[in-house]
């Protein structure tokens with residue numbers, strides 16, 4: 096069925112390494128994608144978004160890559176820090192222009208010192 | 003500071019009781035949303051509102067009700083008809099209009115449990 100999903104539920108990296116969190120989507124109508132970070136007991140925090148007319152977008156220490164051919168989204172975090180430990184969600188709009196987002200289950204990122 | 007305030011942080015419900023979760027935003031956003039999050043799960047949409055005095059059901063609206071009488075406020079009532087209300091409830095808001103899709107910004111949630 097159609098879903099926003101993640102290839103890996105958990106990811107462990109060493110401090111200073113780069114992290115890559117993946118997300119698969121199956122709805123070809125999706126043209127807006129967004130990554131959130133959620134720390135324990137808090138609400139999701141916006142990290143970065145990308146529209147389908149782009150295949151790469153960079154922020155501070157983060158890069159989002161969009162491959163529309165294989166319907167794949169990834170979040171790269173450079174020089175991962177302990178404060179990056181959290182659950183990361185991707186979301187897609189499935190073509191909606193009404194602001195609706197559809198969320199994946201999330202990936203737990205753990206950063207080892 | 004601008005943001006979204008959810009209250010209370012923790013809430014307990016007795017059997018047969020309705021409870022109301024508060025969500026207030028001072029971001030001047032038109033759209034507001036309520037999500038439910040269960041352990042190890044993503045966010046599921048309960049209700050959303052694009053404008054004052056109007057709202058639409060999301061994917062899991064049964065057992066919930068909302069109102070949008072003011073732009074800043076979007077309270078969620080968990081009714082006694084919701085048989086499994088224990089969850090983390092998140093409110094969000096976003097800009098709407100001709101600018102296309104925009105990020106939703108979230109509050110820090112209310113954790114609801116059954117007594």
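Chains as they are written, first to last, in the working numbering: chain B, 96 to 208; chain H, 3 to 117. Positions of the beta carbon are idealized from the N, C-alpha and C atoms, including for glycine.
Of all residues in the region 5-31 of chain H, none is placed with a Cβ closer than 7 angstroms to any Cβ belonging to chain B.
Taking a C-beta distance under 9 angstroms as the contact criterion, residue 162(B) and residue 179(B) do not qualify as a contact pair. Below 8 angstroms, enough C-beta pairs join the region 185-197 of chain B and the region 94-113 of chain H to call them touching: three or more.
A distance below 7 angstroms between beta-carbons, with the five flanking residues on each side excluded, links residue 53(H) to the following residues of its chain, in chain order: 32. By the beta-carbon neighbour count (other beta carbons within 10 angstroms, threshold 16), residue 207(B) is exposed.
Between residue 146(B) and residue 15(H), the alpha-carbon positions lie close to 41 angstroms from each other. Excluding the 5 residues flanking it on each side, residue 126(B) has same chain C-beta neighbours closer than 7 angstroms at 146, 147, 188, 190, in chain order. Taking a 10 Å sphere around the C-beta of residue 12(H), we find fewer than 16 other C-beta atoms and assign the residue as exposed. With a contact defined as Cβ atoms closer than 8 angstroms, residue 120(B) and residue 168(B) qualify at about 7 angstroms. With respect to the C-alpha of residue 144(B), the residue from 107(H), 111(H), 117(H) having the closest C-alpha is 107(H). Within 10 angstroms of the beta-carbon of residue 18(H) lie fewer than 16 other beta-carbons, which makes it exposed. As a beta-bridge residue in DSSP terms, residue 167(B) pairs with 119(B), 162(B). At a cut-off of 9 angstroms between C-beta atoms, residue 105(H) counts as an interface residue with respect to chain B. The contact set of residue 144(B) on chain H, defined by CB atoms closer than 9 angstroms, consists of 103, 104, 105 in chain order. Taking a C-beta distance under 9 angstroms as the contact criterion, residue 157(B) and residue 172(B) qualify as a contact pair.
Fewer than three pairs of CB atoms, one per stretch, sit closer than 8 angstroms, so the region 106-123 of chain B makes no contact with the region 54-71 of chain H. Short of 6 angstroms from the beta carbon of residue 57(H), and not among the five residues preceding or following it, lie these beta carbons of its own chain, in chain order: 49, 51, 68, 70. The straight-line gap separating the alpha-carbon atoms of residue 118(B) and residue 185(B) is approximately 7 angstroms. Its Cα nearest to that of residue 84(H), the residue 38(H) stands out among 38(H), 34(H), 109(H). Of the residues assessed, residue 104(B) falls on the exposed side of the cut-off, its CB having fewer than 16 other CB atoms within 10 angstroms.
Minimum Cα-Cα distance from residue 86(H) among the listed residues 77(H), 110(H), 116(H) corresponds to 116(H). Burial is judged here by how many other beta carbons sit within 10 angstroms of a residue's own beta carbon; residue 114(B) has at least 16 and is buried.
Within the region 131-158 of chain B, the residues whose Cβ lies closer than 7 angstroms to any Cβ of chain H are, in chain order, 137, 138, 139, 141, 144.
Around the CB of residue 177(B), fewer than 16 other CB atoms lie within 10 Å, so the residue is classed as exposed.
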